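Notes to accompany the following structure.
See below:
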């Protein structure tokens, strides 16, 4: 059974930091590209970070470049998202995604809420 379980979300003040984790099981983690998406109320889900395997190439949109860092631990089957200098516009539900190269190998977590507010 495939599982992706996000954790680490919460309420943080502007300028603060959070580290999200996504613990996975049930699929070949080391062979998958792992991604983090965010979805704010009334908006489409959008990609905020991606990391390939095994070369660990990373990719970020300009909106988070320099503030967000994605990393992975293949031994622990876990992907992380370190977020610094958080802004109110980063407020969203953050989802972990595992992409195995085809629609039938595309898995999602349940999401974790990040709220940036004073």
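In this note's numbering, the protein residues as written are 23 to 140.
Glycine included, C-beta positions come from ideal geometry on N, C-alpha and C.
Keep in mind that this is a model prediction, so the values were computed, not measured.
Short of 7 Å from the beta carbon of residue 95, and not among the five residues preceding or following it, lies no beta carbon of its own chain.
Per DSSP, the unbroken beta strand (DSSP E) holding residue 33 starts and ends at 32-34.
Beta-bridge partners of residue 28 (DSSP): 44. Under the three-state reduction of DSSP, residue 95 is assigned to strand. DSSP, read as helix, strand or coil, puts residue 57 in strand. In the three-state scheme derived from DSSP, where H, G and I count as helix and E and B as strand, residue 111 is classed as helix.
In the structure shown, residue 72 falls within a strand segment according to DSSP collapsed to helix, strand and coil. Looking at the DSSP output, residue 120 bridges to 56 and 129.
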